[in-house]
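Residue numbers (UniProt numbering): 1 to 127.
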């Protein structure tokens, strides 16, 4: 079968210039969710967090840094991990705290870390 002409094809996918149909947006968001790159922040699915890497991928990068530097059995604040001088050359440096927590939760499920409460906030101990 012949493919639709580019203009007709564009109109079929995008009936109004500059507007993506809601169904198309929902399909994209659902695919991102299935792949672990999107997390809904409310029950009505009106607010979401899109992550460049899945939390498990960020956790793996963080744990590789910990292992490479002999830092197992060490405790870090979330600030030290995301913003400290020791991590400034790491890909996870500057990571949003919400995403950092999800990465650490993934490591906690693998028994490689434990999220702890410190006097000045939250921290993590690596195993």
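Where is the CB? At the ideal position from N, CA and C, for every residue including glycine.
Owing to the predicted nature of the structure, the values given are computational and were not obtained by experimental measurement.
Determine the direct distance from the alpha carbon of residue j to that of residue i, and round the result to whole angstroms.
i, j, result
"residue 5", "residue 19", "Confidence at residue 5 is low in this model, with a pLDDT of 49, below 50, so the placement of that residue is unreliable and no value is reported for it."
"residue 29", "residue 92", "24 Å"
"residue 82", "residue 24", "35 Å"
"residue 96", "residue 26", "25 Å"
"residue 94", "residue 43", "28 Å"
"residue 35", "residue 57", "12 Å"
"residue 65", "residue 59", "10 Å"
"residue 87", "residue 61", "11 Å"
"residue 127", "residue 76", "12 Å"
"residue 71", "residue 55", "20 Å"
Considering only the alpha carbon of each residue, which of the options lies closest to residue i?
i, options, result
"residue 120", "82, 95, 78, 92", "78"
"residue 40", "82, 81, 98", "98"
"residue 63", "49, 110, 42", "110"
"residue 49", "65, 56, 58, 32", "32"
"residue 73", "112, 56, 55", "112"
"residue 80", "21, 127, 22, 118", "118"
Between which residues of its own chain and residue i is the CB-CB distance below 8 Å, once the five residues before and five after are set aside?
i, result
"residue 115", "101, 104, 105, 108, 122, 123, 124"
Let's see if you can read the secondary structure: which residues bound the alpha helix (DSSP H) around residue i?
i, result
"residue 60", "55–68"
"residue 22", "22–34"
Following the continuous beta strand (DSSP E) through residue i, name the residue where it begins and the one where it ends.
i, result
"residue 52", "Counting along the chain, residue 52 falls outside any beta strand (DSSP E), and DSSP gives it neither H nor E."
"residue 38", "38–40"
Who are the Cβ neighbours of residue i in its own chain at under 6 Å, not counting the five residues just before and after it?
i, result
"residue 51", "37, 99"
"residue 90", "65"
For residue i, which residues in the same chain have their Cβ closer than 7 Å to its Cβ, ignoring the five residues on either side in sequence?
i, result
"residue 68", "none"
* **Ranges of the beta strand (DSSP E) found wholly within the region 70–121, counting only runs of at least 3** => 75–77, 113–118
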